[in-house]
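Worksheet for the structure shown next.
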Amino acid sequence: MRRMGLEAVYPRPRLSQNGAAHRKYPYLLRDLAIDRPDQVWCSDITYIRMVCGFLYLVAVMDWCYRYVLAWELSTTLDTEFCVRALQRTLDLSKPGIFNTDQGVQFTSAEFLGQLVAAEIRMSMDGRGRVDDNIFVERLSRSVKYEEIYLKEYRIVADAREGLTNYFEFYNRERLHRALGNQTPHEIYFHQRTGSPPLGQASLTMHHISPEFLS
963 MRRMGLEAVY PRPRLSQNGA AHRKYPYLLR DLAIDRPDQV WCSDITYIRM
1013 VCGFLYLVAV MDWCYRYVLA WELSTTLDTE FCVRALQRTL DLSKPGIFNT
1063 DQGVQFTSAE FLGQLVAAEI RMSMDGRGRV DDNIFVERLS RSVKYEEIYL
1113 KEYRIVADAR EGLTNYFEFY NRERLHRALG NQTPHEIYFH QRTGSPPLGQ
1163 ASLTMHHISP EFLS
C-alpha cells in the first residue's frame, strides 16, 4: 500500500482537545426548531492531508441552510485562524447562537470574546458527541471525499485553489435534497432578503496567512 500511495481513511490528529480549565457552555440545540437563516451558526476544524504533512481547515456554516459563510487555512492549530474566520462572518451578519465543539481554539478567550462582544449565545457539543454538530461534521466529510481525497496537494497553493473551487461549487452549484434541491447560496439569500443577490460576489470567503504568500 505504501508503494502505491494507498492508505486507510480514518480519523487522524485529534483536533478537539479541550483546555484544562476552559469555560464550558451548555448545548443549546437539543429539541430546538431551527428554521431560519442566522438563527444558528456552527464551526469545526478538520485536517487536510498533503503529500508531506497537514494543513488545517476551519469553516463557519449556517446551520439551517448549510451555507458556508467563511473558511480559513492554517499550518498550525492556533487560535488566530479561527478568530479571523469568525470576524469576517460577523462583518456580514450574526447568529443568535454559535455552536462548536470544546476544542481549545473555540474555548479560547480570543474566540469567546468576539462572541460575547457581539452578544451571541455560545453552545458547545458534549464530549464525544459528534452528532451535536452534525451538519458541519458532514461538511468536513463531504469536502474530504469530494475534493481532498481525490487530490494530491503538494504545496499550499494547490490546497488553496482546490478548496476555493470546491466551496464555490458547494455553495452555488451543489443541490441539496434536504433544501428542496436548491443550493445553499440560493435558499440562504432568498430567506434573508427575499431574492438571491444576482451579480453579487459570493460570501464564501477565505484568508491565507501571510506566510503562505511567499
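Quick note on numbering: the sequence shown equals residues 963 to 1176 in the working numbering.
We treat Cβ as the ideally placed atom computed from N, Cα and C, and that holds for glycine.
{"query": "Considering only DSSP beta bridges, list what D1024 is partnered with.", "result": "W1003"}
{"query": "Ordered along the chain, which non-local residues of its own chain (more than five positions away) have a Cβ less than 7 Å from that of Y989?", "result": "S1085, M1086, D1087, G1088, D1094"}
{"query": "Is the stretch 994 to 1002 touching the stretch 1021 to 1030 in the sense that three or more CB pairs, one from each, lie closer than 8 Å?", "result": "yes"}
{"query": "Cα separation between G1124 and E1109?", "result": "7 Å"}
{"query": "To the nearest angstrom, how far is it from the Cα of S1055 to the Cα of S1070?", "result": "22 Å"}
{"query": "Check whether the Cβ atoms of D1006 and D1063 lie closer than 9 Å to each other.", "result": "yes"}
{"query": "In terms of alpha-carbon separation, which member of F1043, V1118, R1100, L1017 lies closest to T1072?", "result": "The sequence shown places Glu at residue 1072, rather than the Thr named in the question. Among F1043, V1118, R1100, L1017, the Cα nearest to that of E1072 is on F1043."}
{"query": "Could you tell me whether the stretch 1114 to 1130 touches the stretch 1034 to 1054, using the rule of 3 or more Cβ pairs below 8 Å?", "result": "yes"}
{"query": "Spatial neighbours of F1097 within its chain, please: C-beta separation below 8 Å, excluding the five flanking residues on both sides.", "result": "C1004, M1023, W1025, R1028"}
{"query": "Specify the secondary structure class of T1038 as computed by DSSP and reduced to three states.", "result": "coil"}
{"query": "Go through its chain and collect everything with a Cβ distance to G1161's Cβ below 8 Å, but skip five positions before and after it.", "result": "Only weak support exists for where G1161 lies, its pLDDT of 36 falling under 50; the value from the coordinates is given anyway. Contacts found: none."}
{"query": "Just reading off the alpha helix (DSSP H) that N1133 is part of, what are its end residues?", "result": "1118 to 1134"}
{"query": "For R1082 versus G1065, is the C-beta spacing smaller than 9 Å?", "result": "One point to set straight first is that residue 1082 is Ile, not Arg, in the sequence displayed. The answer is no: Cβ separation not under 9 Å."}
{"query": "What is the DSSP secondary structure of F1068, reduced to helix, strand or coil?", "result": "coil"}
{"query": "Give the DSSP-derived three-state secondary structure of I1110 in the structure shown.", "result": "helix"}
{"query": "By the 10 Å Cβ neighbour count, where 16 or more other Cβ atoms means buried, how is T1155 classified, buried or exposed?", "result": "exposed"}
{"query": "Expressed to the nearest angstrom, what Euclidean distance is found between the alpha-carbon atoms of C1014 and E1135?", "result": "31 Å"}
{"query": "Note the first and the last residue of the continuous beta strand (DSSP E) segment covering I1059.", "result": "1059 to 1062"}
{"query": "Can you round the beta-carbon distance between V1030 and Q1076 to whole angstroms, since I take them to be within the 8 Å contact cut?", "result": "Incorrect: roughly 19 Å between the Cβ atoms, too far for contact."}
{"query": "Checking 9 Å against the spacing of the C-beta atoms, do L1019 and V1105 come in under that value?", "result": "yes"}
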